[in-house]
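S.K.: Protein chains in written order, with the numbering used here: chain A, 8 to 82; chain B, 1031 to 1216. Below you will find the structure I want to go over with you.
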Amino acid sequence: MLDPLIPVQPHHLEAERIYVEIARRLTPAQQLATLHGLQQTAWALKASLLRSEHGELTEEDIQLLVRESFRDATP
Amino acid sequence: MQLPDLVSLFVAPLNRLGVSYMVTGSVASSTYSYARFTNDIDVVAVLSDVEAERLHAAFDTPDFYVPPLEVMHLERQRPAHGHFNVIHAATGLKADFFFAGSDRLMRRSLELRRQAPDQNGERVWFAPPEYVILSKLLYLRDGGSPKHVADVQAMLQVRDETLDRGFLLGEIESLGLQATWASLKP
Chain A
8 MLDPLIPVQP HHLEAERIYV EIARRLTPAQ QLATLHGLQQ TAWALKASLL
58 RSEHGELTEE DIQLLVRESF RDATP
Chain B
1031 MQLPDLVSLF VAPLNRLGVS YMVTGSVASS TYSYARFTND IDVVAVLSDV
1081 EAERLHAAFD TPDFYVPPLE VMHLERQRPA HGHFNVIHAA TGLKADFFFA
1131 GSDRLMRRSL ELRRQAPDQN GERVWFAPPE YVILSKLLYL RDGGSPKHVA
1181 DVQAMLQVRD ETLDRGFLLG EIESLGLQAT WASLKP
């Protein structure tokens, strides 16, 4: 995504072109694997932040809160 | 097998370099509120010329697209909003790296960053939630996409009671974001 706060530079356009080229080349299986990796990381980070901010919660509470957050996930 | 992810690809090199950085954008807003899938990560970093060169070297392989080093130096010299993209060729995952430069809000927020490890124990420094909201308000004011509206509203819904109101409202005023802010409040 181009940053609206910055005048468009040639290298930004080049990055955008390469990004689109890669996205077109990926197979559905590759996209699914990538999505799975993103979900694992997002889940872990969310749980980790909750642990650091709410020391009073049990691990069960944390996993429940993360699950709820993903239930309400948006694309 | 470890699946490719935004942290191992783009954050781990920053940790190895030992530079000051914070993850912001949708990765941060979805960690602070409801999950939203995104395939790019926004990172604000303080990088000297030497550190910028080292970071460039970390990505200057066939596995990544990274702009030429001279472009990074030009972007670094901007007083504000200097940035560059790195793209992972095998997955299309992308990072937008922003140089903090002399940007007052970025510098202030870097002092308030907080960390959380990922599933592999990799440390991730996050921008404070107030900065994440402010940066999305700036995007919105300057024509950003409606997804930023949803991100800000989700953060307000989930973190309303824990936000530093003094920081948030003070910066909204000093950045001239009152109208954008008013349009989002429930």
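No residue lacks a Cβ here, since even glycine has one placed at the ideal position from N, Cα and C.
Can you name the residues of chain A whose CB is closer than 7 angstroms to the CB of G1131 (chain B)?
M.R.: The contacting residues do not exist; G1131 (chain B) stays about 12 angstroms from chain A at best.
S.K.: Got a sec, what are the start and stop residues for the alpha helix (DSSP H) R1171 (chain B) sits in?
M.R.: Per DSSP, R1171 (chain B) belongs to the alpha helix (DSSP H) from 1159–1171.
S.K.: What are the residues in the segment 38–49 of chain A lying within 9 angstroms of chain B by C-beta distance?
M.R.: So the list reads Q38, A40, T41, L42, H43, G44, L45, Q46, Q47, T48, A49, given in the order they occur along the chain.
S.K.: Expressed to the nearest angstrom, what Euclidean distance is found between the alpha-carbon atoms of A1042 (chain B) and S1213 (chain B)?
M.R.: Distance between the alpha carbons of A1042 (chain B) and S1213 (chain B): 38 angstroms.
S.K.: What did DSSP end up calling S1078 (chain B) once you bin it into helix, strand or coil?
M.R.: S1078 (chain B) falls in the coil class under three-state DSSP.
S.K.: Does chain B have any CB closer than 8 angstroms to the CB of L33 (chain A)?
M.R.: Closer than 8 angstroms: yes.
S.K.: Taking any Cβ of chain A, which residues in the segment 1112–1127 of chain B have a Cβ under 9 angstroms from it, in chain order?
M.R.: Cβ contacts with chain A: G1112, H1113, F1114, N1115, V1116, I1117, H1118, A1119, A1120, T1121, G1122, L1123, K1124, D1126.
S.K.: Taking 7 angstroms as the limit between beta carbons, can you name the residues of its chain near T1061 (chain B), skipping five residues before and five after?
M.R.: Excluding positions up to five away in sequence, the list reads F1156.
S.K.: If you run the structure through DSSP and keep just helix, strand and coil, what is D1194 (chain B)?
M.R.: Looking at D1194 (chain B) - three-state DSSP - the assignment turns out to be coil, as it is neither helix nor strand.
S.K.: Which residue's Cα is closest to the Cα of D1126 (chain B): B:N1069, B:A1146, B:P1176, B:G1206?
M.R.: With distances taken between Cα atoms, D1126 (chain B) lies closest to B:N1069.
S.K.: Could you pull out every residue in the same chain whose Cβ sits closer than 7 angstroms to the Cβ of A1146 (chain B), ignoring the five residues on either side in sequence?
M.R.: Same-chain partners within the cutoff: V1154, F1156.
S.K.: For A1058 (chain B), collect the residues of the same chain with a Cβ closer than 7 angstroms to its Cβ; drop the 5 residues on either side in sequence, then sort them by chain order.
M.R.: Excluding residues within five positions, the ones whose Cβ falls inside 7 angstroms are F1156, A1157, V1162.
S.K.: As an exercise, report each continuous alpha helix (DSSP H) stretch of at least 4 residues that is fully enclosed by the segment 1045–1112 of chain B, in chain order.
M.R.: With a minimum length of 4 residues, the continuous alpha helix (DSSP H) runs that stay inside the segment 1045–1112 of chain B are 1055–1062, 1079–1089, 1099–1107.
S.K.: Can you have a look at H1122 (chain B) and say buried or exposed, based on whether 16 or more other CB atoms are within 10 angstroms of its CB?
M.R.: Residue identity differs from the one stated: residue 1122 (chain B) is Gly in this sequence, not His. The residue is buried, with at least 16 neighbouring Cβ atoms inside 10 Å.
S.K.: Give the straight-line distance between the Cα atoms of P1097 (chain B) and R1189 (chain B), rounded to the nearest whole angstrom.
M.R.: P1097 (chain B) and R1189 (chain B): Cα-Cα distance of roughly 37 angstroms.
S.K.: When the Cα of R1137 (chain B) is compared with those of B:M1052, B:G1048, B:F1040, B:N1045, which residue comes out closest?
M.R.: That would be B:M1052, whose Cα lies nearest to the Cα of R1137 (chain B).
S.K.: Verify the CB distance criterion: does L1186 (chain B) have a CB-CB separation below 8 angstroms to chain A?
M.R.: It does not; no Cβ of chain A falls within 8 angstroms.
S.K.: Could you check the C-alpha separation between F77 (chain A) and L45 (chain A) for me, to the nearest Å?
M.R.: Those two C-alpha atoms are separated by around 12 angstroms.
S.K.: Residues in the same chain with beta-carbon distance under 7 angstroms from E1081 (chain B), minus the five sequence neighbours each way, listed in chain order, please.
M.R.: For E1081 (chain B), where only same-chain residues beyond five positions count, the Cβ hits under 7 angstroms are L1047, V1049.
S.K.: Taking a cut of 7 angstroms between CB atoms, which residues from the segment 1031–1059 of chain B lie near chain A?
M.R.: Listed by position, the residues of the segment 1031–1059 of chain B near chain A (Cβ gap below 7 angstroms) are L1033, P1034, D1035, L1036, V1037.
S.K.: Establish whether the CB of A36 (chain A) and some CB of chain B are separated by less than 8 angstroms.
M.R.: No, its Cβ sits nowhere closer than 8 angstroms to a Cβ of chain B.
S.K.: List the whole-angstrom C-beta distance separating Y1095 (chain B) from V1116 (chain B), where the pair is believed to meet the contact cut-off of C-beta under 8 angstroms.
M.R.: Contact holds; Cβ gap of about 7 angstroms.
S.K.: By the criterion of Cβ-Cβ separation under 7 angstroms, what are the contact partners of Q1149 (chain B) in chain A?
M.R.: The answer, in chain order, is Q47, T48, A51.
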